[in-house]
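Novice:
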Amino acid sequence: MKTPDVRSKDDIRDRLIDAEVLWRNGRKNGAFVLALIALAGVSRRRYPKTAPPMVYYDKMREYHPNQISQITAKQETERPTELSDRRAFQCMLLDLIEDIMLPNPKPGVRPPKYNIRIPFGKTRRDTNIENIFYDWFRCNFVHEGRLTPDAFLTPRTERGDELHLTQPTGIPEAWIPNLLVALSKTPELA
3 MKTPDVRSKD DIRDRLIDAE VLWRNGRKNG AFVLALIALA GVSRRRYPKT APPMVYYDKM
63 REYHPNQISQ ITAKQETERP TELSDRRAFQ CMLLDLIEDI MLPNPKPGVR PPKYNIRIPF
123 GKTRRDTNIE NIFYDWFRCN FVHEGRLTPD AFLTPRTERG DELHLTQPTG IPEAWIPNLL
183 VALSKTPELA
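Residue numbers (the working numbering): 3 to 192.
1) For P179, report the span of its alpha helix (DSSP H) as first-last.
2) Excluding five sequence neighbours on each side, which residues of the same chain lie with their C-beta closer than 7 angstroms to the C-beta of Y49?
3) Could you work out which residue in V183, I120 and T188 is closest to I19 when comparing CA atoms only?
4) Please return the same chain residues whose Cβ sits closer than 6 angstroms to the Cβ of S186, not counting the five positions on each side in sequence.
5) Count the other CB atoms within 10 Å of the CB of N180; is the residue buried (16 or more) or exposed (fewer)?
6) Starting from T150, follow its DSSP beta bridges and name the residues at the other end.
7) According to DSSP, is I120 part of a helix, a strand, or is it coil?
8) Taking only the alpha-carbon atoms, compute the straight-line gap between K4 and I99 and give it to the nearest angstrom.
9) Can you list, in chain order, the residues of its chain whose CB lies under 8 angstroms from that of G43, leaving out five sequence neighbours each side?
10) Quick check on the burial criterion: 16 or more other C-beta atoms within 10 angstroms. Buried or exposed for H66?
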């Protein structure tokens with residue numbers, strides 16, 4: 003008997019549907035948790051454990067060209083044999099980052115894509131966006147059951163979606179439905 007794929011498209015689509023229901027009912031953190039779970043599921047479909055670990059380093063060099071020497075040094079010291087869940091998640095997030103942050107840019111406006119670093123946490127240290135999503139959002143929800151106290155969701159204002167570079171950092175709540183839409187459009191869920 004064949005073991006079913008634990009990351010089936012239907013299971014991941016169900017997480018997206020559940021997240022949308024929570025979002026429509028004002029349950030933003032619950033929607034965010036399920037969006038992050040769906041992101042993890044889709045990331046493993048696109049970047050399975052059998053993918054060469056070099057995929058991660060190549061993606062980091064592409065999205066963070068100003069950090070090439072640090073990425074190369076990290077690659078030389080780590081020498082992983084498989085692509086970890088963390089790295090698959092981070093690669094997938096970077097694949098979708100434009101659609102999360104600015105899904106419908108006005109003509110002539112390029113959405114942010116490269117070198118996205120935000121002063122984050124108590125130290126206000128510039129942190130790569132994929133690390134914030136994994137360490138501060140995904141891990142905090144999974145291991146502590148709540149959004150990190152170093153961040154809060156900011157509602158849309160008359161000026162649009164705003165990223166507040168304060169302590170705590172204000173993350174636009176619109177990123178949650180943007181993430182749901184971006185995930186629903188991936189070829190892995192087609």
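Just so it is clear, CB atoms sit at the ideal spot from N, CA and C, and this is done for glycine as well.
Specialist: Reading it off the structure:
1) Here the alpha helix (DSSP H) through P179 covers W177 to S186.
2) Same-chain partners within the cutoff: V57, L85, A90, C93 and M94.
3) When each option's Cα is compared against that of I19, the closest is V183.
4) The answer, listed in chain order, is L18.
5) N180 comes out buried.
6) For T150, which the question treats as bridged, DSSP gives no partner whatsoever.
7) If DSSP states are grouped into helix, strand and coil, I120 belongs with the strands.
8) With a pLDDT of 49 at K4, under the threshold of 50, the predicted position of this residue should be treated as unreliable, and no value is reported.
9) Excluding positions up to five away in sequence, the list reads R9, D13, I14 and R17.
10) Buried, since its Cβ has 16 or more Cβ neighbours within 10 Å.
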